[in-house]
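Novice: Just dropping this structure here.
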Amino acid sequence: MTKPSGATKTFSLADQRPGPVAQFFVTLLVRKLIPFVFGVLRRFAPVFRFPFTNTVIVTSFDYVQEVFARQKDFPVPYQKQVDLLDWKPTFLLAMKDTPAYWETLEQVKKLWCASDLDFVRQIARDVSEAELKKADGRIDAIQDLMVPVTEAVIERYYGVPIPEDAKQPFFDGCMHVAGFLFGSQTLTPKSTKSAQRAISVVWQVIDDAIDAARKNPLPENTIIGRCHALKVTDDAHLRSYLMGMIMGYLPTNTLANGHAFDVILSSADAYRIGCAAAEREDHDMMLRVVREALRISYILPGLWRTTPEAQDLGIGSTKTYKIEKGRLVYISGMSAMKDPRRIEDPDRFDPDRSPDVYMVYGHGFHYCVGAAIADVMMEEIFTALLRREPRAVGKMVFNGNFPWNLNITYRNL
Ligand code: HEM
């Protein structure tokens, strides 16, 4: 890979990793304190403006779904970050409900087709089996299994090869930029600069892949090959779509797989039902197990929306809340999926719950466009793992709020 023009030093998350004491407090905050505080808010003040801030936190099931569903009243605030990252044309998650959004979605669906799922499944299966065989009974399930599966899908299915020397900065760059987009909405010159540095590696890998495919066309079962062969769109749009489908994918998948596996390893019921599903190759039940695990330990506390105009929340209910114009609204799917008003005995692991209780992939307008891809990948990764009766060696280790290492031993097949 040629070095990105203008880049000083390649971005690395290792340079930003919190020390052990700071990490202890971050983990405490994310795993214990935020869920506790949001639980209290959900009970007593489900729509709550944090004093002296511009932020309104929404924590109950009904109000969270209402904000998700009213996308014209509560649009997303991410366009400013997208502009700072020189990401042009913009992509779905930063877009409002306009004709341009629906046109983009249509093109994305022409490229990432539902009929590709068998191909993705095969990649996930092959890489999971190969990594587990190679590791011979002991593996870091996040870095040495879940990450390689995700990267293999980007390489073989998207048609974006990640050079060996770029693997770590590419991964770190994606994780960091996801934090910049969807984390705190207070942007500083420092956070902006570091996100710009982080994304430059990812742009370079994508641009190199498109250039290479212009010279040596890729097969039509890859995204780039299909886009070029069917002339779905120009390279400027293709590069934006690839960025979106990598940024929406790699960090969420890594977070989701780590959180789900942690729950499965620590809940006797989840483990027993998951292992039995793996043995029978029952993909439907495996998916239920993983979804329920993600409901219990969701990947992030919430998502952002804004109010360009003042809004009433709670339309048709007994209690409405006024939200002023110009607020940032933080909607917590994590809290909503534990709301006892809608989810019976929410702390109990129960894979047979109604699909209506889940907001793992969002709800309504911005509903995850990669949900089916993530589902088949998780079915394969967890089937490969649970067939081998894995056991955790110590606790899951975090880097900031990202699950980073989860060492296990397992039965060799
Ligand atoms: C288990 C893994 C995943 C989880 C938990 C997840 C979660 C989500 C959530 C919650 C949203 C809605 C965000 C909002 O309303 O603000 C979303 C949207 C999105 N996701 Fe995923 N996602 C996952 C995997 C993927 C994959 C594999 C891809 C790409 C292949 C992807 C691409 C996207 C995109 C592009 C959007 C924006 C859609 C739109 O605005 O219309 N995600 N995802």
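Per the working numbering, the very first residue in the sequence shown carries number 2; after that it's consecutive. Glycine included, each C-beta is placed from N, C-alpha and C at the ideal position.
1. Jot down the residue ranges of each uninterrupted beta strand (DSSP E) in the stretch 147-171, minimum 3 residues, whole runs only, in chain order.
2. Check A311 in the structure and name its three-state DSSP category.
3. Any contact of the stretch 357-376 with the stretch 262-271, i.e. 3+ C-beta pairs under 8 angstroms?
4. May I ask you to verify whether the stretch 74-91 touches the stretch 358-365, counting CB pairs closer than 8 angstroms and requiring at least 3?
5. Is it right to say L138 is buried, meaning 16 or more other beta carbons lie within 10 angstroms of its own, or is it exposed?
6. Cα separation between A311 and G327?
7. Using C-beta distances below 6 angstroms, list every residue in its chain close to S336, excluding the 5 sequence neighbours before and after it, in chain order.
8. Across which residues does DSSP place D141 in a beta bridge pair?
9. Decide yes or no for the touch test of the stretch 316-335 against the stretch 47-59: beta carbon pairs closer than 8 angstroms, at least 3 of them.
10. What do you reckon, is the C-beta of C228 under 7 angstroms from a heavy atom of the ligand HEM?
11. Using only the heavy atoms of the ligand HEM, determine whether one of them is closer than 7 angstroms to the beta carbon of G249.
12. Please state if the CB of E381 and the CB of C276 are separated by a distance shorter than 8 angstroms.
13. Answer yes or no: the CB of C369 versus the heavy atoms of the ligand HEM, is any distance below 7 angstroms?
14. Distance, Cα to Cα, P190 vs C175?
15. Tell me, which residues are paired with Y322 by DSSP?
16. Under a Cβ-count criterion, where at least 16 other Cβ atoms within 10 Å of its own Cβ denotes burial, should E325 be classed as buried or exposed?
17. Report yes if the C-beta distance between E130 and A375 is below 8 angstroms; otherwise report no.
18. Thinking C-beta only, is H177 closer than 8 angstroms to L301?
19. State the DSSP-derived secondary structure class of I300, mapped to helix, strand or coil.
20. Which value, in whole angstroms, describes the spacing of the CA atoms of T234 and F120?
21. With a threshold of 7 angstroms (Cβ to nearest heavy atom), would N400 be considered close to the ligand HEM?
Specialist: Per the coordinate set shown:
1. Counting only runs of 3+ residues, no beta strand (DSSP E) is found wholly inside the stretch 147-171.
2. The answer is coil: DSSP assigns A311 none of H, G, I, E or B.
3. Between the stretch 357-376 and the stretch 262-271, the count of Cβ pairs shorter than 8 angstroms is below three; the stretches do not touch.
4. Of all C-beta pairs linking the stretch 74-91 to the stretch 358-365, fewer than three are shorter than 8 angstroms, placing the two stretches out of contact.
5. Rather than Leu, the amino acid found at residue 138 in this sequence is Gly. By the C-beta density criterion, G138 is exposed, having fewer than 16 other C-beta atoms within 10 angstroms.
6. Put simply, the backbone Cα of A311 is about 8 angstroms away from that of G327.
7. Excluding residues within five positions, the ones whose Cβ falls inside 6 angstroms are F39, R43, T60.
8. Paired residues: N408.
9. Enough Cβ pairs lie closer than 8 angstroms, so yes.
10. A distance criterion of 7 angstroms places the beta-carbon of C228 beyond contact range of the ligand HEM, judged by its closest non-hydrogen atom.
11. Checking the Cβ of G249 against the ligand HEM gives yes.
12. The answer is no: Cβ separation not under 8 angstroms.
13. Flag set: Cβ of C369 near the ligand HEM.
14. Rounded to whole angstroms, P190 to C175 spans 19 angstroms at the Cα level.
15. Beta-bridge pairing links Y322 to L314.
16. Exposed: under 16 other Cβ atoms inside 10 Å.
17. Contact: no.
18. No. Outside cutoff.
19. Three-state result, I300: coil.
20. Each residue's alpha carbon lies about 23 angstroms from the other.
21. Closer than 7 angstroms to some heavy atom of the ligand HEM: that does not describe the Cβ of N400.
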